[in-house]
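Just below is one structure, and these are the notes that go with it.
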Amino acid sequence: MAINYMNPLFEVVRDPDRCIKCRVCERQCANEVHHYDPDLDRMISDETTCVDCQRCVTLCPTRALKIRPNENQFRENGNWSQQIMDEVYKQAGSGGVLLSAMGNPREYPVYWDKILLNASQVTNPPIDPLREPMETKTFLGKKDQSISYDENGRPVFEKNPYLELDVPIMFSAMSFGSISKNAHESLARAAEELGTYYNTGEGGLHKDFYKYGANTICQVASGRFGVFKDYLDAGAAIEIKMGQGAKPGIGGHLPGMKINEEISKTRMIPKGTDAISPAPHHDIYSIEDLRQLVLSLKEATNWEKPVIVKIAAVHNVAAIASGIARSGADIIAIDGYRGGTGAAPTRIRDNVGIPIELALASVDQRLRDEGIRNNISIVVGGSVRCSADVVKAVALGADAVYIATAALLAMGCHLCRSCNTGKCNWGIATQRADLVKRLNPDIAYKRLVNLVHAWDHEIKEMMGGMGINSLESLRGNRLMLRGIGLTQKELDILGIMHAGE
Amino acid sequence: MKKVYVNEDWCLGCHLCEYTCAAANSGAPDMIKAFAGGKKPVSRIQIEESSTVNFAVQCRHCEAHPCVKGCIAGALSVQDGVIVCDEEKCVGCYTCVLSCPFGAIVIDEGGHKIRKCDLCTRNSQGEPACVKACPNNAIVFEER
Numbered sequence: 018m019a020i021n022y023m024n025p026l027f028e029v030v031r032d033p034d035r036c037i038k039c040r041v042c043e044r045q046c047a048n049e050v051h052h053y054d055p056d057l058d059r060m061i062s063d064e065t066t067c068v069d070c071q072r073c074v075t076l077c078p079t080r081a082l083k084i085r086p087n088e089n090q091f092r093e094n095g096n097w098s099q100q101i102m103d104e105v106y107k108q109a110g111s112g113g114v115l116l117s118a119m120g121n122p123r124e125y126p127v128y129w130d131k132i133l134l135n136a137s138q139v140t141n142p143p144i145d146p147l148r149e150p151m152e153t154k155t156f157l158g159k160k161d162q163s164i165s166y167d168e169n170g171r172p173v174f175e176k177n178p179y180l181e182l183d184v185p186i187m188f189s190a191m192s193f194g195s196i197s198k199n200a201h202e203s204l205a206r207a208a209e210e211l212g213t214y215y216n217t218g219e220g221g222l223h224k225d226f227y228k229y230g231a232n233t234i235c236q237v238a239s240g241r242f243g244v245f246k247d248y249l250d251a252g253a254a255i256e257i258k259m260g261q262g263a264k265p266g267i268g269g270h271l272p273g274m275k276i277n278e279e280i281s282k283t284r285m286i287p288k289g290t291d292a293i294s295p296a297p298h299h300d301i302y303s304i305e306d307l308r309q310l311v312l313s314l315k316e317a318t319n320w321e322k323p324v325i326v327k328i329a330a331v332h333n334v335a336a337i338a339s340g341i342a343r344s345g346a347d348i349i350a351i352d353g354y355r356g357g358t359g360a361a362p363t364r365i366r367d368n369v370g371i372p373i374e375l376a377l378a379s380v381d382q383r384l385r386d387e388g389i390r391n392n393i394s395i396v397v398g399g400s401v402r403c404s405a406d407v408v409k410a411v412a413l414g415a416d417a418v419y420i421a422t423a424a425l426l427a428m429g430c431h432l433c434r435s436c437n438t439g440k441c442n443w444g445i446a447t448q449r450a451d452l453v454k455r456l457n458p459d460i461a462y463k464r465l466v467n468l469v470h471a472w473d474h475e476i477k478e479m480m481g482g483m484g485i486n487s488l489e490s491l492r493g494n495r496l497m498l499r500g501i502g503l504t505q506k507e508l509d510i511l512g513i514m515h516a517g518e
Numbered sequence: 026m027k028k029v030y031v032n033e034d035w036c037l038g039c040h041l042c043e044y045t046c047a048a049a050n051s052g053a054p055d056m057i058k059a060f061a062g063g064k065k066p067v068s069r070i071q072i073e074e075s076s077t078v079n080f081a082v083q084c085r086h087c088e089a090h091p092c093v094k095g096c097i098a099g100a101l102s103v104q105d106g107v108i109v110c111d112e113e114k115c116v117g118c119y120t121c122v123l124s125c126p127f128g129a130i131v132i133d134e135g136g137h138k139i140r141k142c143d144l145c146t147r148n149s150q151g152e153p154a155c156v157k158a159c160p161n162n163a164i165v166f167e168e169r
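Quick note, the sequences are listed as chains D and U, same order.
Residue 18 is where the first sequence starts when you use this note's numbering, and the numbers rise one by one after that.
Residue 26 is where the second sequence starts when you use this note's numbering, and the numbers rise one by one after that.
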């Protein structure tokens, strides 16, 4: 047997005084970490396959389990960390590209945490959102460029298609395939109840979910999976996915083993075949090409639906966004480098792209400088973690935000970052029937609704504190923001002053 | 009347209901003590499982109640719609075990009495313990 050089990442600590050998941990672990030995009358664990998803810990009725980082460490080295060494061992064994899931976990600066919000004192009274009206409704799409009047002097509005959001939060693209049908159903039902939108991702729309069409954004990605007339007609908007924050410049690959009967039908590809999304759209090599696709999709849907173009936040994001604003698209979605994914090459996820906070600020500024900010709405995603992040994003210029990781957490995800294995113990990122049923949409959709309601309350509280009673007045209102611990360059890019200024 | 119902679509076969039921009806203050020293108190709810489908089975508190009709010791009775067993009277003849069409009556760990679901009406649980313990809402306590 070859030597396994890998050091297990975690150790399973079981308190024998608490363990009643009920074997729940064994039954719930798809990685087969736990098993019961009848001869020893004891639970045994093999931590080599543990991913620290916390399913066993959460379900253990006597709280007898703990998963903690393996105390066995290689010799300390400030340069060659254990993780780097493990990755070398892994690649020396496999010869393959390292794969990871979910967002970039490395300790890059989080600019949200270096921005502080304002509040009113004395001269401009704060507003109590529980007693006074407070508006968080948001419209996404092109704004009217000018006001014209008919012969009776009534204003004539342009007929631009738009999305109407009761809360400035939408659920970001996650395909059926990367997440389970139950997870999709939970998102769809939550979006319907919240008066917002969820996004099909690039995997097409399951026939059971056409009924949620009014709250669905249908994505068209480079693989064009499941795209046909009914699909485009089904949703409230169409999103062209040019890139994804977790893996800018990279396509997608859903392995054939996940393409079961239902996914095969939804994606319109043969069962068991790999679903490969190319890195580029093979018909888009310029803004003019993008414009052709935007207009084709609009034509295909009778000019009734807004078109979103989603890009990853990369170095030239402002110039790219300027092009997109001129392409005929109604909404631009920008995905920061901390955005999640079901699977991405580790090196790409951890090293490519830029923070969404900086990308948003520079895009908003560029579009305003060019006088085309009203041509397009801006939606940002890529690690919006809480309501304060939403408020800061809106103040930096976003019209709304996309959340996905937070939505997965609401459904039970513990960010073990092993989606790519297809063995999600929480029933989210898996297609194994026995695991999928672990996510009951009746429970999950309520948790999503609760989360967004809670954030909405908090957004209103924060706006009220600033003396602002509608999201419109907060949008792009960077005077409400101050930086802390940022360099002058960072403050300049964010377009905000330092605390104390 | 509110009863316990099971939706096999959401049953994971984790058996948490069994352990919670056993502990709740053991008289011990918590699950650790209920199972301490290798004790194995019986559960009044049992998981039936196969590779594709699982579900929990316990007393349906059915209107036909052949168990009550067949009880030779007068231990089983219907009280406010709930079929309960007076364990003082039970002689362990198992007539009820044989006559229950659902196989919902179990034999006590001691072997000389039966145990059955009483919807947690005679312990301190309030709502049935299995319902509270189910992690996926597969077991519900409701009016139908």
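Just so you know, even glycine gets a beta-carbon here, dropped at the ideal spot from N, CA and C.
| Item | Value |
| --- | --- |
| Residue range of the unbroken alpha helix (DSSP H) whose run includes arginine 308(D) | 304-317 |
| Top-ranked residue by Cα proximity to glutamate 518(D), from Ile501(D), Ser165(D) and Gly493(D) | Ile501(D) |
| Beta-carbon gap between proline 160(U) and cysteine 39(U) smaller than 9 angstroms | yes |
| 9 angstroms Cβ cut-off: residues of chain D touching aspartate 111(U) | Under the 9 angstroms cutoff, chain D gives no residues; its nearest Cβ is about 29 angstroms from aspartate 111(U). |
| Assigned exposure category for valine 78(U) - 16 Cβ within 10 Å defines buried | exposed |
| Those runs of the alpha helix (DSSP H) which lie wholly inside the region 19-82 of chain D and span at least 4 residues | 41-45 and 72-76 |
| Within 7 angstroms of chain U by C-beta, residues of the region 408-434 of chain D in sequence order | none |
| Aspartate 105(U) (DSSP reduced to helix, strand or coil) | coil |
| Isoleucine 72(U) - containing beta strand (DSSP E), residue span | 71-74 |
| 8 angstroms contact criterion, which glycine 484(D) and proline 150(D) should meet: CB distance rounded | With 8 angstroms as the limit, glycine 484(D) and proline 150(D) do not qualify as a contact, their Cβ atoms being about 14 angstroms apart. |
| Against chain D: residues of the region 48-63 of chain U by CB proximity under 9 angstroms | Ala48, Asp55, Met56, Ile57, Ala59, Phe60, Ala61 and Gly63 |
| Terminal residues of the alpha helix (DSSP H) in which leucine 271(D) lies | From DSSP, leucine 271(D) is part of no alpha helix (DSSP H) but of the beta strand (DSSP E) over 269-271. |
| Completely contained alpha helix (DSSP H) runs for the region 363-413 of chain D, where each covers 4 or more residues | 363-368, 373-386 and 404-413 |
| Buried versus exposed, by CB contacts within 10 Å (16 or more), phenylalanine 60(U) | buried |
| Candidates Gly113(D), Glu374(D) and Ile37(D), of which the one nearest arginine 364(D) by Cα | Gly113(D) |
| CB of threonine 358(D) within 9 angstroms of CB of alanine 118(D), strictly | yes |
| Coil, strand or helix - isoleucine 286(D) by DSSP | coil |
| Cross-strand partners of serine 487(D) (DSSP beta bridge) | Glu152(D) |
| Which listed residue (Arg499(D), Asp416(D), Gln382(D) and Pro372(D)) has its alpha carbon closest to that of glutamate 124(D) | Pro372(D) |
| Status (buried if at least 16 other CB within 10 Å, exposed otherwise) for leucine 452(D) | buried |
| Any chain U beta carbon closer than 9 angstroms to cysteine 441(D) | no |
| Burial state of alanine 205(D) (16 or more Cβ within 10 Å) | buried |
| The alpha helix (DSSP H) enclosing methionine 102(D), as first and last residue numbers | 99-111 |
| Aspartate 34(U): contacting residues in chain D (beta-carbon distance under 9 angstroms) | Lys454 and Asn457 |
| Three-pair Cβ contact test at 8 angstroms for the region 55-69 of chain D versus the region 417-425 of chain D | no |
| Coil, strand or helix - isoleucine 257(D) by DSSP | strand |
| Asparagine 162(U): contacting residues in chain D (beta-carbon distance under 9 angstroms) | Asn457, Asp459 and Ile460 |
| Between the CA atoms of tryptophan 320(D) and serine 203(D) - distance to the nearest angstrom | 30 angstroms |
| 9 angstroms Cβ cutoff met for leucine 468(D) and methionine 480(D) | no |
| Span separating the alpha-carbon of glutamine 505(D) from that of histidine 515(D) | 8 angstroms |
| Sub-9 angstroms separation of serine 239(D) and proline 297(D) beta-carbons | yes |
| Contacts of histidine 40(U) in chain D (Cβ-Cβ under 9 angstroms) | Cys39, Arg40, Val41 and Arg44 |
| Cross-chain neighbours of leucine 37(U) in chain D, by beta carbon under 7 angstroms | Lys454 and Arg455 |
| Same chain, Cβ closer than 6 angstroms to serine 404(D), neighbours up to 5 away in sequence not counted | Trp472, Glu475 and Ile476 |
| Proximal residues to isoleucine 234(D) (C-beta, below 6 angstroms), its chain only, five neighbours per side dropped | Tyr214, Asn216, Gly252, Ala254 and Glu256 |
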